[in-house]
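What follows is a short report on a single structure.
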Amino acid sequence: MVHLIWTPIPSSLTLPPAQSQKRWCFIVVVADSLSVAETSFDEGLELMATGGLRRTHEAAWKELWLKSKVEVVGSERLLKAVIGCMFYLLSAFPSIHDPTDFFGGVSPGGLSNGSDAQDYWGHVFWDQEIWILPTVALFYPKLARAALEYRVRTIDGAKYNAQKQGYKGLKLAWQSAMSGREMCADDIYGEQEIHINGDIALAFQNYYYLTEDLTMFTDGQGSQLIWGVADYWVSRVTWSPDDQKYHLLGVMPPDEYYSNVNNSVYTNTVIRRNDLEVYEIVTDPHGPAMTWGMFAIGWLELGDAQKAQRLLEKCFRNIQGPFQVWSESSDGTGAVNFLTGMGGFLQAVVFGYSGFKVQKECLAFSPLLPDDLSELSICGVSYLGHQLDWLFRRDEVCVILREQEGSAASAKKCDLQVILKATGTKIPLTPGNKQNEQGIIEILCTDERNRSFLGVLFFVCGWGVCQLLYTREKSTFTIF
5 MVHLIWTPIP
15 SSLTLPPAQS
25 QKRWCFIVVV
35 ADSLSVAETS
45 FDEGLELMAT
55 GGLRRTHEAA
65 WKELWLKSKV
75 EVVGSERLLK
85 AVIGCMFYLL
95 SAFPSIHDPT
105 DFFGGVSPGG
115 LSNGSDAQDY
125 WGHVFWDQEI
135 WILPTVALFY
145 PKLARAALEY
155 RVRTIDGAKY
165 NAQKQGYKGL
175 KLAWQSAMSG
185 REMCADDIYG
195 EQEIHINGDI
205 ALAFQNYYYL
215 TEDLTMFTDG
225 QGSQLIWGVA
235 DYWVSRVTWS
245 PDDQKYHLLG
255 VMPPDEYYSN
265 VNNSVYTNTV
275 IRRNDLEVYE
285 IVTDPHGPAM
295 TWGMFAIGWL
305 ELGDAQKAQR
315 LLEKCFRNIQ
325 GPFQVWSESS
335 DGTGAVNFLT
345 GMGGFLQAVV
355 FGYSGFKVQK
365 ECLAFSPLLP
375 DDLSELSICG
385 VSYLGHQLDW
395 LFRRDEVCVI
405 LREQEGSAAS
415 AKKCDLQVIL
425 KATGTKIPLT
435 PGNKQNEQGI
445 IEILCTDERN
455 RSFLGVLFFV
465 CGWGVCQLLY
475 TREKSTFTIF
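Under this note's numbering, residues 5 to 484 are what the sequence shown spells out, in order.
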């Protein structure tokens, strides 16, 4: 049961003629028990009366920005959009201080939206795992875990969905609420958009690569979900005696203009450049907001930063002033506070420009900035329990391994070393030159797209703060 208490909101707000500005304050409390709701509401009223409500609010956000932030130099418009997206995405998650509370997942419009067939009724889609979680998990893996634990709590509903379709294992709901049973009013989506199973499994994999947190799969029952998804795929495929292969028939891909597709795939890597060029022409200009961010990432992977930037700027059409709130479509229609579009946009900036790739063996990077951006900083990247601050410029990359405090400082300590790709030269960066193969974090920097950087950077967990700077022009690594 959900309990809400709020201050009354008048039907209109009037500014007196003699005043040029006035501040109105309203609060709403949402809790899973009446006692918690009442206590929190009383605390909010007291803070309002003493003037502390805004102060504590600003202090909480300041703490978040110190822990993680993304900034660019060269485009104020892009910077505002990035900050706005981070603000609304983090607002949709629990507090970083207590992310273990019961969490109901993230819907495309956030928990504050969804009624009368609007904003997808507040249901949780693949948007959470594919569009929203990648950026959130990179900075706050505990928040990502809270979202994945929501999926674990829907296992019973997913089992019911699979059995209803006549299959084994788990069929995670295309539109999910509390129970995990399919909530989509149109049967075709719930029956055919089964890529949701793979999307969620991919999010679990990404989380593990970032954290190596096995408790998610043991204590958190993540393994039960993954096995259930695997069982579903085994029962869902169709064997063809003609070509001696299994086929996945009658599905709807992420491109919802088509249904009953056989053997659908997200991307064909062999012809991916043609994919980008062809689909840019035929893509609906008023389509979902996350579209152009993915185009941008594709062109960045192919080394065309200017084309990527041009396409990314199309996302600005979906931003509604003055508070940087996104709409689902560029004409202002569709879901409001469209977190899915914000997530796709942030992925283009955070993963596209940096070239970050979360892989089984490493956190890879291969930066590429467009001409109008001179600098990109990504602070608070969380990788295997350590925090990294990154600074990308055209001719240099700076990496700062933050000094850990408290319980984090007592965790296993690891060394930092650099291996130059061109020569294989190994440069130890910590006293004692300790080696710990199982703790290696590999950060690759290649010249596949005529990058300025050459070398392979290995982070073998670190202790203290160190800054690594490599510029090709100087052909040296400078350690601060």
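The beta-carbon is built from N, C-alpha and C at its ideal position, and this holds for glycine as well.
For clarity, every value in this text was computed on a predicted model and none was experimentally measured.
For a cut-off of 8 Å, the C-beta gap from Ile100 to Lys146 is around 7 Å, short enough to register as a contact. Looking from the CA of Gly161, the closest CA among Glu186, Tyr154 and Thr139 belongs to Glu186.
Residue pairing by DSSP places Lys73 opposite Cys383 in a beta bridge.
The beta-carbon separation of Ile31 and Gly48, rounded to 4 Å, stays under the 8 Å limit for a contact.
One alpha carbon belongs to Leu115, the other to Asp393, and they sit about 31 Å apart. Here Asp191 carries a helix assignment [DSSP, helix/strand/coil]. If the five residues before and after Leu51 are omitted, its C-beta is found closer than 6 Å to the C-beta atoms of Leu57, all from its own chain and listed in chain order. No Cβ-Cβ contact shorter than 9 Å links Gln328 with Ile136. Per DSSP, Leu229 is one residue of the alpha helix (DSSP H) stretching across Gly226 to Arg240.
In this structure the region 226-234 lies against the region 168-179, because at least three pairs of beta carbons, one per stretch, are closer than 8 Å. In this structure the region 72-86 lies against the region 337-356, because at least three pairs of beta carbons, one per stretch, are closer than 8 Å.
The beta carbon of Asn201 sits closer than 8 Å to those of Leu174, Lys175, Leu176, Val233, Tyr236 and Trp237, all from its chain and outside the five residues before and after it, given in chain order. Per the C-alpha coordinates, the member of Phe129, Leu94, Glu153 and Trp130 positioned closest to Tyr144 is Leu94.
Within its own chain, the residues whose Cβ lies closer than 8 Å to the Cβ of Pro20, once the five positions on either side in sequence are excluded, are Lys26, listed in chain order. Of the candidates Asp217, Leu252 and Gln248, the residue whose Cα lies closest to the Cα of Ile198 is Leu252. Each residue's CA atom was taken as its position, placing Val6 and Asp46 some 18 Å apart. Excluding sequence positions up to five before and after Trp303, its CB lies within less than 8 Å of the CB of Leu280, Ala309, Lys311, Ala312 and Leu315, all in the same chain and listed in chain order.
Within the model, the alpha-carbon separation for Lys163 versus Trp330 is close to 35 Å. Spatial neighbours of Gln228 in its own chain (CB-CB distance under 8 Å, excluding positions within 5 residues in sequence) are listed in chain order as Val156 and Ile159.
A Cβ-Cβ distance of about 7 Å is found for the pair Met182 and Gly108, placing them in contact under the 8 Å criterion. Closest in alpha carbon position to Pro374, among Phe396, Val385 and Leu70, is Phe396.
Looking at the backbone, the Cα of Tyr193 and that of Glu400 are separated by about 47 Å. Nearest to Val353 by alpha-carbon distance, out of Ser381, Ala368, Ile13 and Ala339, is Ser381.
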